[in-house]
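The opening residue of the sequence shown carries number 1 in full-length UniProt numbering; numbering runs sequentially from there. We put the beta carbon where it would ideally sit given N, CA and C, even for glycine. Encoded as structure tokens, the structure appears first; notes follow it.
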Amino acid sequence: MAIEAPAARPANPRFSSGPCAKNPTFTLDKLADAPLGRSHRAAVGKAKLKEAIETTREVLGIPADYKIGIVPASDTGAMEMAMWSMLGARKVEMLAWESFGAGWVTDVVKQLKIDAETKVAEYGEIVDLAGVDTKNNDVVFTWNGTTSGVRVPNGDWIADDREGITICDATSAAFAMDLPWDKLDVTTFSWQKVLGGEAAHGMLVLSPKAVERLESYTPAWPLPKIFRLTKGGKLIDGIFTGATINTPSMLAVEDYLVALDWAKSVGGLEGMIARADANTAAIAAFVDSKDWIANLAVDPATASNTSVCLKFTDDRIQDGASFAKAVAKRLENEGVALDIGAYRDAPAGLRIWCGGTVETSDVEALMAWLEHAFEAEIAAQ
Ligand SMILES: Cc1ncc(COP(=O)(O)O)c(C=O)c1O
């Protein structure tokens with residue numbers, strides 16, 4: 001029996017969790033003001049880089065005494081330069097609940113060979129945050145686990161009077177979730193996530209405590225040039241005013257400025273959070289009304305509002321992994337959803353990006369198609 005296809009299609013089928021959809025008003029000609037073919041150290045280039053830093057501060061509400069730098073190698077570069085530059089000074093706790101957090105554990109334990117205390121939760125769960133000694137230890141964690149759709153609910157578990165530092169990978173959280181800057185000493189993210197910008201460059205946000213660590217501690221291991229944030233025991237201030245360590249893409253910078261402008265036009269951080277929340281609510285309403293699909297996040301308080309991960313729970317499904325792949329493939333072939341298969345290391349299922357560049361009407365249209373694809377694959381088994 002043919003199953004009737006829904007009438008409405010998402011206007012934009014891009015639901016990838018990174019690079020994420022460009023904002024709905026984006027066109028390539030908006031990048032025409034990029035100073036291409038000019039030195040990034042010329043006044044025009046430096047001004048663009050400084051504007052990117054200061055508009056980031058404005059939109060995210062980052063305190064005036066925090067440093068914001070544009071660094072090489074996207075979020076990974078920002079995280080690794082922070083860990084390589086600052087860890088080893090005191091005991092480290094590593095927290096992970098999905099693949100990227102696990103990658104930072106590998107960096108610290110296997111590469112830096114730090115005898116860290118490692119706390120790992122299964123996909124869908126989170127570690128016991130109350131049991132983390134944020135008062136005494138350095139703590140490395142991921143605010144939103146992009147591959148499990150699990151996030152920390154807030155920063156209340158982080159001590160105000162901490163002696164260690166917190167290093168937070170916030171790449172799929174920044175511009176979609178409230179980040180408590182007073183609890184975060186190092187925060188990193190990439191332009192390619194919630195803002196729908198381009199990869200290549202990472203953002204590194206440092207609290208005064210993080211700067212103090214950088215200026216008072218020299219790690220035992222060598223640091224390559226692209227990780228070096230200090231010179232002669234002092235922070236290299238230029239990195240935080242637009243004099244990048246090496247050559248950035250001025251096209252990517254222009255694209256970031258356009259994305260920030262758009263974020264401001266939809267109400268800034270508050271508007272961006274509301275958009276992500278509305279997208280997530282559309283999925284939650286659908287999932288709650290069906291008995292064959294569920295959120296991978298076990299506790300709704302930790303469920304992401306950007307990378308929403310879903311699992312199929314129907315008893316009729318014979319092979320969970322191939323079923324989920326077939327549903328994703330069917331949706332792709334229909335042109336209604338691209339790149340929504342679960343991450344390669346995550347449990348079988350779907351991952352639907354809900355960050356602010358995605359329109360709620362598109363998420364709603366996708367839900368009808370999801371049901372259609374599910375029924376079709378059940379029938380095809
Ligand atoms: C939580 C998290 N950390 C790190 C990364 C790596 O980001 P990038 O490829 O921008 O370095 C990703 C990418 O998806 C991520 O989701």
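Buried or exposed: residue 246, going by 16 or more other Cβ atoms within 10 Å of its Cβ? exposed
Looking at the unbroken alpha helix (DSSP H) that takes in residue 86, where does it start and where does it end? 74-86
Please go through the stretch 159-191 and give each complete beta strand (DSSP E) segment of 3 or more residues, from N-terminal end onward. 166-169 and 186-190
Going by beta-carbon coordinates alone, are residue 92 and residue 121 separated by less than 7 Å? no
Give me the Cα-Cα distance between residue 136 and residue 104, rounded to the nearest whole angstrom. 20 Å
Check each candidate in 333, 95 and 357 and name the one with the smallest Cα separation from residue 143. 95
Roughly how many whole angstroms lie between the Cα atoms of residue 326 and residue 377? 7 Å
Nearest-angstrom Cα separation, counted from residue 339 out to residue 7: 22 Å
Length of the line joining the Cα atoms of residue 380 and residue 330: 12 Å
Alpha carbon to alpha carbon, how far is residue 277 from residue 262? Give it in angstroms, no decimals. 18 Å
Cβ distance (whole Å) where residue 75 is taken to contact residue 189 below 8 Å: 6 Å
Taking 6 Å as the line, does the beta carbon of residue 96 fall inside it for any heavy atom of ligand 1? no
With C-beta atoms as the reference, is residue 128 less than 7 Å away from residue 164? no
Residue 66 beta carbon less than 7 Å from that of residue 205: yes
Using only Cβ atoms and a threshold of 6 Å, which residues come within that distance of a heavy atom of ligand 1? Order them by chain position. 18, 74, 75, 76, 100, 142, 146, 169, 171, 172, 190, 192 and 199
Can you grab the Cα-Cα spacing for the pair residue 239 / residue 126, in whole Å? 35 Å
Under 8 Å Cβ to Cβ from residue 194, same chain only, skipping five residues before and after it: list those, please. 20, 172, 173, 174, 175, 176, 272, 276, 306, 355, 356 and 357
May I have the straight-line CA-CA distance separating residue 244 from residue 200, to the nearest angstrom? 13 Å
Which residue comes first and which comes last in the alpha helix (DSSP H) that contains residue 378? 360-380
Identify the continuous beta strand (DSSP E) that holds residue 265 and give its terminal residues. That residue, residue 265, is in no beta strand (DSSP E); its alpha helix (DSSP H) goes 250-265.
So is residue 48 buried or exposed if we call it buried at 16+ other beta carbons inside 10 Å? buried
For the putative contact between residue 98 and residue 148, defined by C-beta atoms under 8 Å, what is the C-beta separation to the nearest angstrom? 4 Å
Mark residue 285 as exposed unless 16 or more other C-beta atoms lie within 10 angstroms of its C-beta, in which case mark it buried. exposed
Determine the DSSP secondary structure at residue 281, reduced to helix, strand or coil. helix
With distances taken from CA atoms, which of 134, 24, 44 and 25 is nearest residue 33? 44
So the candidates are 353, 317 and 310; which of them puts its Cα closest to the Cα of residue 346? 310
Between the C-alpha atoms of residue 36 and residue 371, what's the straight-line distance to the nearest angstrom? 46 Å
Where do the N-terminal and C-terminal ends of the alpha helix (DSSP H) with residue 211 fall, by residue? 208-216
Range of the contiguous alpha helix (DSSP H) that encloses residue 333: 320-333
The beta strand (DSSP E) that contains residue 351, what's its start and end? 350-353
Which residue from 292, 70, 131 and 102 puts its Cα closest to that of residue 250? 70
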